[in-house]
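Protein chains: 2
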Amino acid sequence: MKTVDVESLKERMEAFTRSLQDDICAALERLDGTARFREDAWIRPGGGGGRTRVLEEGAVLEKAGVNTSVVFGELEEQFAQRLQGEGRRFWAGGISLVLHPRNPHVPTVHANYRFIHQGGKAWFGGGADLTPYYLYDEDATHFHRVHKAACDKHDADYYPRFKAACDGYFHLRHREETRGVGGVFFENMGGELEKEFAFIQDCGRAFLDAYLPIAERRKDTPVTQAQRFWQEVRRGRYVEFNLVYDRGTVFGLETRGRTESILMSLPPQVRWRYDHHPEPGTPEARLVEVLRQPRDWARGG
Amino acid sequence: MKTVDVESLKERMEAFTRSLQDDICAALERLDGTARFREDAWIRPGGGGGRTRVLEEGAVLEKAGVNTSVVFGELEEQFAQRLQGEGRRFWAGGISLVLHPRNPHVPTVHANYRFIHQGGKAWFGGGADLTPYYLYDEDATHFHRVHKAACDKHDADYYPRFKAACDGYFHLRHREETRGVGGVFFENMGGELEKEFAFIQDCGRAFLDAYLPIAERRKDTPVTQAQRFWQEVRRGRYVEFNLVYDRGTVFGLETRGRTESILMSLPPQVRWRYDHHPEPGTPEARLVEVLRQPRDWARGG
Numbered sequence: 503m504k505t506v507d508v509e510s511l512k513e514r515m516e517a518f519t520r521s522l523q524d525d526i527c528a529a530l531e532r533l534d535g536t537a538r539f540r541e542d543a544w545i546r547p548g549g550g551g552g553r554t555r556v557l558e559e560g561a562v563l564e565k566a567g568v569n570t571s572v573v574f575g576e577l578e579e580q581f582a583q584r585l586q587g588e589g590r591r592f593w594a595g596g597i598s599l600v601l602h603p604r605n606p607h608v609p610t611v612h613a614n615y616r617f618i619h620q621g622g623k624a625w626f627g628g629g630a631d632l633t634p635y636y637l638y639d640e641d642a643t644h645f646h647r648v649h650k651a652a653c654d655k656h657d658a659d660y661y662p663r664f665k666a667a668c669d670g671y672f673h674l675r676h677r678e679e680t681r682g683v684g685g686v687f688f689e690n691m692g693g694e695l696e697k698e699f700a701f702i703q704d705c706g707r708a709f710l711d712a713y714l715p716i717a718e719r720r721k722d723t724p725v726t727q728a729q730r731f732w733q734e735v736r737r738g739r740y741v742e743f744n745l746v747y748d749r750g751t752v753f754g755l756e757t758r759g760r761t762e763s764i765l766m767s768l769p770p771q772v773r774w775r776y777d778h779h780p781e782p783g784t785p786e787a788r789l790v791e792v793l794r795q796p797r798d799w800a801r802g803g
Numbered sequence: 503m504k505t506v507d508v509e510s511l512k513e514r515m516e517a518f519t520r521s522l523q524d525d526i527c528a529a530l531e532r533l534d535g536t537a538r539f540r541e542d543a544w545i546r547p548g549g550g551g552g553r554t555r556v557l558e559e560g561a562v563l564e565k566a567g568v569n570t571s572v573v574f575g576e577l578e579e580q581f582a583q584r585l586q587g588e589g590r591r592f593w594a595g596g597i598s599l600v601l602h603p604r605n606p607h608v609p610t611v612h613a614n615y616r617f618i619h620q621g622g623k624a625w626f627g628g629g630a631d632l633t634p635y636y637l638y639d640e641d642a643t644h645f646h647r648v649h650k651a652a653c654d655k656h657d658a659d660y661y662p663r664f665k666a667a668c669d670g671y672f673h674l675r676h677r678e679e680t681r682g683v684g685g686v687f688f689e690n691m692g693g694e695l696e697k698e699f700a701f702i703q704d705c706g707r708a709f710l711d712a713y714l715p716i717a718e719r720r721k722d723t724p725v726t727q728a729q730r731f732w733q734e735v736r737r738g739r740y741v742e743f744n745l746v747y748d749r750g751t752v753f754g755l756e757t758r759g760r761t762e763s764i765l766m767s768l769p770p771q772v773r774w775r776y777d778h779h780p781e782p783g784t785p786e787a788r789l790v791e792v793l794r795q796p797r798d799w800a801r802g803g
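Just so you know, the sequences run in chain order R and H. Each residue of the first sequence is one higher than the one before, starting from 503 at the first, in our numbering. Each residue of the second sequence is one higher than the one before, starting from 503 at the first, in our numbering.
Written as structure tokens, this is what we have:
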């Protein structure tokens, strides 16, 4: 790996993530119909900064964050040893988005694509995953198939590997549940950086095709108070995952990124109810069952 | 330290925490006036178990948990190395309580007293701390003075040491704020176990005196929607602390304690609003200022 390649990839990655951010925000504003993203540009004292875009209190999106950032400088020693690179010098650039829709029939979605350079090592990471409150099998299947198509264009091994990695990563050990119905997740693709960059661009560009049709067809579903309650309880699991397990959140907080940009991922309204379990046989109970036993969604679940 | 002393302390600690749990639950039911604690006795497959008591949807207490547990067995190797004892054999017994009142003028409160034995080492730990949403200086002062009195009875050094340790421990680095106005926190008292056990009993017995008068005088304060909103936003910080930093929560989840008992500490209804800052000059803004600069509450703040 030549230094010049890595430097060129950093520049192209930054341009790609910013352009993707523009396209996704524009499409989400069209989906929402009323609310607009506000933009906060921020600078990191240690080096770098970001462009945070958040939309709140929309008609369809209760809270949405679509952020890009490039941060670089020196890692704290202890934290540097926990990453896969070498030494304390680092550069990290990427896009990260989380959408929390108002209607519990529309799933929450997360996507993140990043390029990290630490010492002599550089790697891409990221993925996209879907977190429904009410499970429509066809939605999970659609989301997986769009990502599988993006994977298959590059390497037939990608989808099965990254699908399994996604189920493994988005797992709440203390709940014995996955966060949602998964998608794709990758952090060690192999090391052919140009090939990987081509892949993550296709994967990032697939996001709108994967998610918008689901949001469009569920956003006007009638909602009961009990369904809203269930959505808020399940959002609690989202918070638990992000604050206890998520490496991106820990990376952001440890590298002293901008706290409000990192924690934009947390849902707008959340409940914790002691020992709440849905009645057997209900759609709520079926969701929990499925989250305990990942399905092969690309094949139809 | 003789083995027989430690075994006797374990027995007495278990009896003490259960009796304190009974007294505190009875007093809280009287405070609330309407709701009752439900009890869940649970058994830990690896060894031990607990008595979880939770009250929800009360008139005064929106959610309250008062738990005792004794867990023992083998720690996972990696986790064992992060504790102060030696080896993987462990025993841990204690009481842990968190009260989330409905009225934002009544502070949230947490207390925890525990005895841990790992390999050849045994130690007490714990403390109590107050988390107001609206800050009444006299409440913070009262809470500190009651705990100071319990400390002073045993050692003049205790209160200043444990007050400072509390401010240091309940600190959200990513927010540059303490969780609340503190109290006392201790984990390394010195090693005279009988003396320490006498102290933690007095400290635990001080809890009701420290908290009940505050709850009684604030529980009927009129509340606006904006104040409720602020309470829910601040409860978000409580969640962030417990899931990102709290050693008790991590200990519980890592030792495969009962998840619902560990996470009873999480507030019932919570909000995350992007980059929310109170207007300068408001009571909300003053709270945040105080949380950035710990005060000497026992002397009146």
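We treat Cβ as the ideally placed atom computed from N, Cα and C, and that holds for glycine. Because the structure is a prediction, the values reported are computed rather than measured.
Going by C-alpha to C-alpha distance, which of the options sits closest to residue i?
| i | options | result |
| --- | --- | --- |
| R775/R | E698/H, L765/H, L793/H, A658/H | L765/H |
| V556/R | I526/R, Y635/R, V735/R | I526/R |
| V648/R | E694/R, P609/R, V792/R, L714/R | L714/R |
| G595/H | H612/H, G552/H, G803/H, P609/H | G552/H |
| S590/R | R616/R, G575/R, R604/R | Here the sequence assigns Arg to residue 590/R, which means Ser is not the residue at that position. Considering only alpha carbons, the answer is G575/R. |
| E762/R | T784/H, Y747/H, R677/H, E786/H | R677/H |
| S634/H | N605/H, E696/H, T554/H | Reading off the sequence, residue 634/H comes out as Pro, not Ser. Nearest C-alpha to P634/H: N605/H. |
| T570/H | G548/H, A543/H, L585/H | A543/H |
| D777/H | D669/H, E694/H, T536/H, R739/H | R739/H |
| G628/H | P609/H, K655/H, C668/H, T610/H | C668/H |
| Q586/R | I618/R, E698/R, E516/R, S521/R | I618/R |
| C653/H | I702/H, E541/H, V573/H, F581/H | I702/H |
| G802/R | H656/R, T643/R, K565/R | T643/R |
| R773/H | L599/R, K565/R, H646/R, Q729/R | K565/R |
| F687/R | L674/R, R616/R, L793/R | R616/R |
| R514/H | R675/H, P769/H, Q729/H, E698/H | E698/H |
| V792/H | H646/H, T680/H, L530/H | T680/H |
| W799/R | A666/R, K655/R, Q580/R | A666/R |
| G549/H | V572/H, V568/H, Q580/H, D534/H | V572/H |
| G706/R | A651/R, P770/R, W732/R | A651/R |
| G682/H | D711/H, K512/H, F645/H, D704/H | F645/H |
| E756/R | E696/R, P609/R, K512/R, Q580/R | Q580/R |
Can you have a look at residue i and say buried or exposed, based on whether 16 or more other CB atoms are within 10 angstroms of its CB?
| i | result |
| --- | --- |
| Q727/H | exposed |
| P724/H | exposed |
| E588/H | exposed |
| I545/R | exposed |
| Q795/R | exposed |
| P662/H | exposed |
| P547/H | exposed |
| P785/R | exposed |
| A658/H | exposed |
| H779/R | exposed |
| R736/R | buried |
Expressed to the nearest angstrom, what Euclidean distance is found between the alpha-carbon atoms of residue i and residue j?
| i | j | result |
| --- | --- | --- |
| L601/R | T751/R | 16 Å |
| S510/R | Y671/H | 44 Å |
| D754/H | G684/H | Note that residue 754/H corresponds to Gly in the displayed sequence, not to Asp. Computed Cα separation, rounded: 22 Å. |
| E689/H | A708/H | 18 Å |
| R532/R | N744/H | 38 Å |
| A700/R | F518/R | 11 Å |
| V508/R | Q620/R | 11 Å |
| A630/R | R749/R | 14 Å |
| S767/H | V741/H | 8 Å |
| R788/H | P782/H | 8 Å |
| A537/H | A528/H | 11 Å |
| E558/H | I597/H | 19 Å |
| K721/H | V562/H | 6 Å |
| A582/R | R758/R | 13 Å |
| V611/R | G560/R | 16 Å |
| G692/H | Y660/H | 11 Å |
Taking the DSSP output, what are the residues bridged to residue i?
| i | result |
| --- | --- |
| V611/H | L601/H, L632/H |
| R773/H | Q771/R |
| W544/H | G552/H |
| K650/H | Looking at the DSSP assignment, K650/H forms no beta bridge with any residue, so it has no partner. |
| V572/H | G551/H, G595/H |
| T680/H | H673/H |
| K565/H | E558/H, H602/H |
| Q804/H | There is simply no residue 804/H to check, as chain H begins at 503 and stops at 803 in what is shown. |
| A624/R | H619/R |
| F688/H | G628/H |
Quiz item: At a cut of 8 Å, does the region 636-655 of chain R reach the region 615-624 of chain R through at least three beta carbon pairs?
Solution: The region 636-655 of chain R is not in contact with the region 615-624 of chain R.
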